[in-house]
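Peer 1: My structure is below; once you've seen it, I'll send some questions.
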Amino acid sequence: MYSTTGRINVAPAGQGEIVVSQLTKQYKKLRAVDNLSFTVRPGRVTGFLGPNGAGKTTTLRMMLGLVRPTAGTATFSGVRYADLQDPIRHVGAVLEASSAHKGRTGINHLRVICAAAGLPREAADQALSRVGLDSAAKRKFKGYSLGMKQRLGIAAALLGNPRVLILDEPANGLDPEGIRWMRDLLKFLASEGRTVLVSSHLLSEMQQLADDVVIIAAGQLIRQGPVDEVLGSMAGLSQVRVRSPRAADLAAALTAQQAGVTALPDGALSVTGLDPARVGNIAFTAGIELHELTGEKADLEQVFLQLTAGKAGIR
């Protein structure tokens, strides 16, 4: 499973692409997923985002053959999950915190999976070490914290050295140190050429972790693309923070140029509709002294809320 350099040996670059095409799930009068299409590329971490009830978990379950689609397909390197030979060697997934027999130890839980999948016993030890659970290897599952269960689930997903990793809310139960560990691990796995798809509600964490995002609401695709591109497409949400001893005069000068101006509690002004250079030019022309001039780009949370406003509920 591991090379002599400490990196995991994976399939050649270009394999592992996920293609979701017109995926639909209808539950009687409820359409949970509606004609959804997107692509997840190898070598990148893709954040799968959406409000509660957007259809994320249903989509992931359809991708993994756990829910039968009403229409559409999901493929891994062109093959449906159900048609993969030795799927554990192609796709590793964690859709909820790991479940195991309460009286079984962490290492025995993984060895049982190895035995069932025809994997060598040492794969369990290597995977457990990879997620930092060596010291808890012989501890019974009933004594694991939620964060430890999350790590054990990821270890199970890595057993077959898969090209694709799919995780649903993997940071649940992790403390800040654990979240940073998760971020570093997933980035490293993607750097090896793997395809990493992560569903999460932690938008600030996704902004640090993800290379790409797929945003859905009411079962439909809202936006897909590289994080920087998605943030840049919402330039109207960007703001300029400016401070001056003549705040009222500055606000009037900016408003005259059709800018949106909001007074902040600390005395600064928040300006929308103009970039920092234009704000500085207006102040200079008016002879107004500035003590602060800072451009503040929209973050992923602002963009997400703007894109999904009024579209949270499933139909």
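All letters in the sequence shown, in the order written, are residues 42 to 356 by this note's numbering. For every residue, glycine included, the Cβ atom is placed at its ideal position computed from N, Cα and C.
The beta strand (DSSP E) spanning P128 covers which residue range?
Peer 2: Where P128 is concerned, there is no enclosing beta strand (DSSP E), given that its DSSP letter is neither H nor E.
Peer 1: Indicate whether the contact test is met: 3 or more Cβ pairs, each with one atom in the stretch 104-114 and one in the stretch 63-78, closer than 8 Å.
Peer 2: yes
Peer 1: Tell whether a beta-carbon distance below 8 Å holds between Q298 and I323.
Peer 2: yes
Peer 1: Report the rounded CA-to-CA distance for K338 versus S279, giving the unit in angstroms.
Peer 2: 4 Å
Peer 1: Where does the unbroken beta strand (DSSP E) through R72 begin, and where does it stop?
Peer 2: L71 to V81
Peer 1: Have a look at C155, A134 and L341 and flag the residue whose alpha-carbon is nearest the alpha-carbon of V254.
Peer 2: L341
Peer 1: Within a Cβ cutoff of 7 Å, which residues of the same chain sit near G106, ignoring the five residues on either side of it in sequence?
Peer 2: Excluding positions up to five away in sequence, the list reads Y122 and A123.
Peer 1: Closer than 7 Å by C-beta to V302: which residues in its own chain qualify, once you throw out the five before and the five after it? Chain order, please.
Peer 2: A292, L295, T296, L310 and V312
Peer 1: Taking 6 Å as the limit between beta carbons, can you name the residues of its chain near N93, skipping five residues before and five after?
Peer 2: Closer than 6 Å at Cβ, skipping near neighbours: no residue.
Peer 1: Work out the CA separation of R180 and M104 for me, nearest whole Å.
Peer 2: 33 Å
Peer 1: Could you tell me whether the Cβ atoms of V237 and V86 are closer together than 8 Å?
Peer 2: Yes. Within cutoff.
Peer 1: When you compare only the Cα positions, how much space is there between R235 and L174?
Peer 2: 22 Å
Peer 1: For G314, which residues of its own chain have a beta-carbon under 7 Å away from its beta-carbon, when the five flanking residues on both sides are left out?
Peer 2: Q299, A300 and G301
Peer 1: Under 8 Å: do the stretch 238-246 and the stretch 210-219 share three or more Cβ pairs, one atom per stretch?
Peer 2: yes
Peer 1: Of all the options L208, E233, K228 and G188, which has the alpha carbon lying nearest to the alpha carbon of P217?
Peer 2: G188
Peer 1: Give me the Cα-Cα distance between L160 and L151, rounded to the nearest whole angstrom.
Peer 2: 10 Å
Peer 1: Beta-carbon separation of V320 and V283 under 8 Å?
Peer 2: yes
Peer 1: In the DSSP assignment, find the unbroken beta strand (DSSP E) run with V108 in it and report its ends.
Peer 2: Counting along the chain, V108 falls outside any beta strand (DSSP E), and DSSP gives it neither H nor E.
Peer 1: Can you name, in chain order, every residue of its own chain whose Cβ lies under 6 Å from the Cβ of D316, other than the five neighbours on each side?
Peer 2: none
Peer 1: Using the DSSP secondary-structure output, state which residues sit across from Q248 in a beta bridge.
Peer 2: For Q248, which the question treats as bridged, DSSP gives no partner whatsoever.
Peer 1: Excluding sequence positions up to five away, which residues of its chain have a Cβ less than 8 Å from the Cβ of P286?
Peer 2: E330 and H332
Peer 1: Report the partner residues of S430 according to the DSSP bridge assignment.
Peer 2: Because the chain is modelled from 42 through 356, residue 430 falls outside the range shown and cannot be assessed.
Peer 1: Within the continuous beta strand (DSSP E) that includes F89, where are the two ends?
Peer 2: For F89, the enclosing beta strand (DSSP E) covers residues R85 to L90.
Peer 1: What is the C-beta distance between I207 and A134, in whole angstroms, given that I count them as a contact (C-beta under 8 Å)?
Peer 2: 4 Å
Peer 1: Please report the distance separating the alpha-carbon of S232 from that of P83.
Peer 2: 9 Å
Peer 1: Per DSSP, which one or two residues make a beta bridge with S240?
Peer 2: S240 is bridged to F89 and D209.
Peer 1: Report all residues from its chain with a CB closer than 7 Å to the CB of F345; omit the five preceding and five following residues, and keep chain order.
Peer 2: L90, L244 and I256
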